[in-house]
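Encoded as structure tokens, the structure appears first; notes follow it.
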Amino acid sequence: MVNYCVYQDRCHYEVEQKMRDFLLIPEAKDEIIIYLIKENYLNEERFTRSYIRGKFYMKSWGRTKIRLNLKQKGISEKLIAKCMDEIDEKDYSKTIQKIWEDYYAKQKGLKDYQRKIKTTRYLMSRGFEFEEIQKNVDEE
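With the sequence shown counted from 1, adding 315 to any position gets you my numbering.
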């Protein structure tokens with residue numbers, strides 16, 4: 316389990332999922348989790364910050380999608396909110412504008428309002444908030 320946690324930051328949920336494959340008794344699972352936390356192999360805040368950075372800067376996900384995926388991994392809303400400062404506001408705006416421009420340009424043969432609707436839906440499916448999309452697109 317140490318190697319599993321060293322390779323990449325993990326959350327408690329992922330470690331518990333992995334241990335299910337090993338068919339361990341509950342006491343052994345608890346001991347392993349305690350050891351991993353004590354030796355700092357398992358750190359929820361570090362995992363959350365790393366996850367947010369990776370999903371935003373590498374995959375260009377918006378806050379909504381990141382938050383939803385972290386909740387599915389059992390991360391508390393309080394910790395998610397605390398770690399959202401990993402995303403720089405200027406970078407967030409630039410990402411929205413870049414995705415908007417790229418996707419909007421690909422929409423050929425549609426009326427202008429249809430292109431806007433389709434592009435807005437696309438950005439929302441990527442996890443960006445409607446208000447943020449409108450704010451960053453209206454500035455153009």
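Glycine is no exception: its CB is placed at the ideal position from the N, C-alpha and C atoms.
Asked: Three-state secondary structure assigned by DSSP to Q258; Found: This structure gives no information on residue 258, because the portion of the chain shown stretches from 316 to 455.
Asked: Residue from R325, I414 and S440 whose Cα sits closest to the Cα of G389; Found: R325
Asked: Any 3 or more C-beta pairs closer than 8 Å across the segment 392-409 and the segment 365-372; Found: yes
Asked: Limits of the alpha helix (DSSP H) - the one that Y366 falls within; Found: E359 to Y372
Asked: Proximity to R364 [Cα-Cα], best of R378, S440 and L425; Found: R378
Asked: Of the residues I381, T434, F337 and K426, the one placed nearest G442, counting alpha carbons only; Found: I381
Asked: Backbone CA spacing between E331 and D345 [nearest angstrom]; Found: 9 Å
Asked: Environment of N451 [buried if 16+ CB atoms lie within 10 Å]; Found: buried
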